[in-house]
Amino acid sequence: MADKPSRTSRLAERARELAPVWTLLALVVFFGVYSESFLTLENFGNILNQVALLAIMGTGITFVLLTAQIDLSVSYMATLAGVVAAYATAGHLPQPWPIVVALLVAAFLGWISGAATAYLGIPSFMSTLAMSLIASGLSLYLTRGRILFDLPPLSKTLGSGRIFGVKWLVIVAALTLLAGHLVLRYTRFGRYVYMTGANPKAAELAGVNTRRIVAAVMVIAAFTAGLAGVVGIGRLGSATPTAFDGMLIDAIGAVVLGGTSLFGGVGGIPQTVVGLLILGVLRNGLDQVSVNIYAKTLITGIILFAALIFNILFAGKKES
Amino acid sequence: MEPLLRLSQVKKRFGGIEALKGIDFEVFAGEVHALVGENGAGKSTMMKILAGVIPDYAGEMVYQGRPLRLKNPKEALDLGIAMIHQELSVMPELSVAENIFLGRQPTRGRVVDWRRMNAEARRILEALGYPQVEVERPLGDYPLGVHQLAEIARAVTSGAELIIMDEPTSALSPMETERLLALVRRLAEQGKAIVYISHFLEEVTAVADRITVLRDGRKVATLKAGETSKAELVRLMLGKEARFFERTALVPRAREGAPVLELHGLSRPRAFADVNLALYPGEIVGLYGLIGSGHFELAETLFGLARPSAGQVRVAGRPLSGGPRRAIREGIAYVPPSRRTGLFLEKPVYQNVSLPWLDRLFGPARELAAAGRVTREVGLKPPDPARVVGAFSGGNQQKVAIARWLIEPPKVFLASEPTRGMDVGAKEEVLAILRRMADAGTAVLLVSSEPETILAAADRVLVMAKGRIVAEFTSGEVTKEMLVHAAAGELKKTA
């Protein structure tokens, strides 16, 4: 085994870092050429609005992927948080307590699946898969399958209101991403997250409590998912027992598309922002050019799969 | 009489290294033929050729009177050559009988014939001298010695004529060892040929008919076990010239004050037992042992990576418990035997160095400054703390692993194999760093399976074997021979 990484592997490293950016630029150019309405300020606003909820969720997922774990429960957690906030509002719990309770419920469930992974060694894909059933089940149980229309006023404001012509939803998303970035980049905790993902054994040898880090990132993921749910019901105008269930693949997909490694330790919020924009541009652009609408999901799926192959190929060296 | 198997002038080369330089070897049916030598003498290469793991080699092999060139381990097995690896390949969840007949259970029609399988298992275990083992019980209910027994029984029932055993007793208790040696003798009496590889010369002289000594890829001698001694074997293994270069005179150091680290009756199952030890500030204590003797596990336990089952650790008089974080706070530093375990190869040097100290040292500027200071202290080349660790040579990576603990000099430094795989120059540099740390008041425990490393740096030397401290050298002349002799010795405590 060579002690020094070869020139090619360093080039590969650069390629992995920049490939998502080139992908994004290529998509923008492509849709800009083929659609007259694509490259407009208004459409750019549309794209941001479309990916805002994903961005809130994706912030937490970025933390989880950086520690080389996964969270498959985020979308169900968002649904549950929305349901809890609406249910408590309907039950006349004074504002803003419905929102606080909803976020605490999400964070608590995240801690359960996180602790199961960190302290009991249950693989995170399994513990969060089970947790997604629990969250989903709670949503169904609380709503009895009905749609709830009593929403916290704050949810309505943040989900569909505007300030100075900018949607609150986009602002919340931007602030969540920014907070995530600051924590990852400028705090000790953020460094521990990266180091735990890069080499858990080495992190332990340096005195990092890696179990606590793993549990903590899963709480963060559940919390941001809950936030997405609480804001999301305001955008939809109602809380339903399956409101955000379909967002799981997009939320994880955006983070992976941005280039955050599935093996942990490499990536971050800037990458996630690029990934979100790729997904947003792709979705939006496909609507604008005359693609068969039934092919949209297929095309998105193929691109996500390609990104995964890319991610694995360039992270493959870490496996040894 | 024809030997069951004969090797003539077998040579094997790995890249630029000649692992075997022309070996002649023969083993007869009914004979236990032991193979001894230092790590790297060529034992494992030779054994892999015998078992068909290495198919490309020069020279020839004759088995049962016919020339033979094995292509893979399966072919070896079909011809009656079985190998019992150090890491056993048994399934603890399955019954003893199932393990013995793994993959070839007797069947009636399409279903397993349990009654016949159990009966045959019982018969074979009786023949091997273990009639009390219940073949229907899960193998996991039994100690390691029975796991080994199951694997040997598997080899015997599959028609093995030649059984190669690699360090079969390294994980066994003294009682289990005795029973295994009796079993090996019984196999030989039943006409099997045994190639027995072991570090433990006491066992080797007890069980073998003949002993072949390898050194440096060559056969040095084949001796009758009854006509040789442990001392002669050690001398042959190490070679005459070694004794002149690898000796050192220990100078006892004046001990200042109280011990900084004390172990009282520390035990951990399957690792070490009843270890008592005291380290004083300013000394480098060498802890020597063969691989598997529990010395690495002891260091790991002291750092909080595993829990002892009994006994006590005191640091500066206070009891110590808890994980690595607590250990670091108490002033204990640790370098693991494999540097890849302890380092973040894709991360820059400064992040590797600063990680244990982030609560008082966070922020790239401060980390870079601190890392710059300690990497200069260890002589990192190039002295660039912003470079990723993976871009440095092995020796310099090791310096990074050590530099981390210079940020705040530890009370106790547990250095496991800190010079493994290094060239002489890098080795000397690393050992010089350890000496400087000791001079600054740190107690260094230098844990190694390389006698040369221990002798080059230690003020006093402890020797571990099978989980116990079996010898201590505090003053006077110590040679590599004395260390190896002590480590390969029997299981009683010596002064």
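Those sequence lines, one after another, are chains A and B. The end of the first sequence is residue 326 by the working numbering, with every number in the run present. The end of the second sequence is residue 534 by the working numbering, with every number in the run present. Ideal Cβ positions, reconstructed from N, Cα and C, are used throughout, including at glycine. All values reported here derive from a predicted model rather than from experimental measurement.
**Prompt:** Is DSSP giving K50(B) helix, strand or coil here?
**Reply:** Annotated three-state conformation of K50(B) is strand, per DSSP.
**Item:** Interface partners of V214(A) on chain B, CB under 7 Å
**Value:** Contact note: V214(A) reaches chain B through L394, using a C-beta cutoff of 7 Å and chain order.
**Message:** Can you tell me whether A345(B) is helix, strand or coil according to DSSP?
**Reply:** Coil.
**Length-filtered (4 minimum) alpha helix (DSSP H) runs lying within the segment 196-281 of chain A** = Runs of the alpha helix (DSSP H) inside the segment 196-281 of chain A: 206-211, 216-242, 254-264.
**Asked** Are the C-beta of K207(A) and some C-beta of chain B separated by less than 7 Å?
**Response** Put simply, the CB of K207(A) is near chain B, with a gap under 7 Å to one of its CB atoms.
**Prompt:** In terms of residues, what are the limits of the alpha helix (DSSP H) holding G331(B)?
**Reply:** Segment: none, G331(B) is in no alpha helix (DSSP H) and carries neither H nor E.
**Item:** Inter-stretch contact (C-beta, 8 Å, three-pair minimum) for the segment 156-173 of chain B and the segment 189-206 of chain B
**Value:** In the pairwise beta carbon analysis, the segment 156-173 of chain B is classified as touching the segment 189-206 of chain B: at least three pairs are separated by under 8 Å.
**Item:** Three-way DSSP call (helix, strand, coil) for E516(B) in this model
**Value:** Looking at E516(B) - three-state DSSP - the assignment turns out to be strand.
**Message:** Judging by CA-CA distance, which residue of V295(A), L285(A), K302(A), A122(A) is the nearest neighbour of A313(A)?
**Reply:** Taking only the C-alpha atoms, the option nearest A313(A) is L285(A).
**Request:** Taking C-beta pairs closer than 8 Å, name the residues in chain B that R218(A) reaches, listed in chain order.
**Result:** Correct list: empty, because the minimum Cβ distance to chain B is about 10 Å.
**Prompt:** How big is the Cα-Cα spacing for S133(A) and S119(A)?
**Reply:** Cα to Cα, the separation comes out at about 5 Å.
**Asked** Taking K505(B) as the reference, which of H334(B), A68(B), G480(B) has the closest Cα?
**Response** Out of H334(B), A68(B), G480(B), H334(B) has the C-alpha closest to the C-alpha of K505(B).
**Request:** Report the neighbours of D398(B) on chain A: residues whose CB is nearer than 9 Å to its CB, in chain order.
**Result:** Within 9 Å Cβ-Cβ: R194.
**Request:** Note down the Cα distance separating F67(B) from V502(B), rounded to an integer number of angstroms.
**Result:** Going by the C-alpha atoms only, they are around 36 Å apart.
**Request:** Would you tell me roughly how many angstroms separate the C-alpha atoms of A141(A) and L86(A), rounded to the nearest one?
**Result:** Computed Cα separation, rounded: 6 Å.
**Prompt:** Any C-beta of chain B sitting closer than 7 Å to the C-beta of R20(A)?
**Reply:** Look at R20(A): its C-beta is not under 7 Å from any C-beta on chain B.
**Request:** Note down, in chain order, every chain A residue with its Cβ under 7 Å from the Cβ of P363(B).
**Result:** Near P363(B) (Cβ distances below 7 Å), the residues of chain A are E210, L211, G213.
**Asked** Can you list the residues of chain B that A204(A) reaches, using a CB-CB cut of under 8 Å?
**Response** The contacting residues are F383, E385, K386.
**Message:** Between which residues of its own chain and R217(A) is the CB-CB distance below 8 Å, once the five residues before and five after are set aside?
**Reply:** Excluding the 5 residues flanking it on each side, R217(A) has same chain C-beta neighbours closer than 8 Å at A124, Y125, in chain order.
**Prompt:** What does T380(B) touch in chain A if you count any residue whose Cβ is under 9 Å from its own?
**Reply:** Within 9 Å Cβ-Cβ: N205, K207, A208, L211.
**Prompt:** Which word fits E175(B), buried or exposed, when buried means at least 16 other C-beta atoms lie within 10 angstroms of its C-beta?
**Reply:** Classified as exposed, E175(B) has fewer than 16 neighbouring CB atoms from the shown chains inside 10 Å of its CB.
**Interface positions of the segment 221-237 of chain B facing chain A (Cβ-Cβ less than 9 Å), listed along the chain** = Those residues of the segment 221-237 of chain B that come within reach of chain A (Cβ to Cβ, closer than 9 Å) do not exist; the list is empty.
**Message:** Helix, strand or coil for T267(B)? Go by DSSP, reduced to three states.
**Reply:** DSSP places T267(B) in the coil class of the three-state scheme, outside both helix and strand.
**Request:** Could you confirm whether any beta carbon from chain B is found closer than 7 Å to the beta carbon of M201(A)?
**Result:** Yes, contact with chain B.
**Asked** Could you give the distance in angstroms between the alpha-carbon of G235(A) and the alpha-carbon of R20(A)?
**Response** The straight-line gap from Cα to Cα measures roughly 36 Å.
**Request:** List the whole-angstrom C-beta distance separating A288(B) from A264(B), where the pair is believed to meet the contact cut-off of C-beta under 8 Å.
**Result:** That belief does not hold up - the Cβ atoms of A288(B) and A264(B) are roughly 34 Å apart, past 8 Å.
**Message:** Within a Cβ cutoff of 6 Å, which residues of the same chain sit near L445(B), ignoring the five residues on either side of it in sequence?
**Reply:** The beta carbon of L445(B) sits closer than 6 Å to those of V413, E416, all from its chain and outside the five residues before and after it, given in chain order.
**Contact with chain A by I191(B), beta-carbon distance below 7 Å** = Chain A contact via Cβ: absent.
**Prompt:** Any beta-carbon of chain A closer than 7 Å to the one on I367(B)?
**Reply:** At least one chain A Cβ lies under 7 Å of I367(B).
**Residues in the segment 270-297 of chain A having any Cβ partner in chain B nearer than 9 Å** = Correct list: G271, V272.
**First through last residue of the beta strand (DSSP E) which encompasses A121(B)** = Unbroken beta strand (DSSP E) run through A121(B): 120-123.
**Asked** So which residues on chain A does F140(B) lean against when the C-beta distance must stay under 7 Å?
**Response** At a beta-carbon threshold of 7 Å, none of the residues of chain A lie near F140(B); the nearest stands roughly 33 Å away.
**Item:** Minimum C-alpha distance to T251(B) - residue among N157(B), F431(B), M85(B)
**Value:** Ranking N157(B), F431(B), M85(B) by CA distance to the CA of T251(B) puts M85(B) first.
**Request:** Between the Cα of V388(B) and those of R379(B), E200(B), D423(B), spot the shortest distance and give me the residue it belongs to.
**Result:** Comparing Cα-Cα distances from V388(B) to each of R379(B), E200(B), D423(B), the minimum goes to D423(B).
**Message:** Output needed in chain order: residues of the segment 146-180 of chain A with a Cβ under 9 Å from some Cβ in chain B.
**Reply:** From the segment 146-180 of chain A, no residue has a Cβ closer than 9 Å to chain B.
**Message:** In the DSSP output, what is L326(B) paired with across the bridge?
**Reply:** Paired residue(s): V486(B), L501(B).
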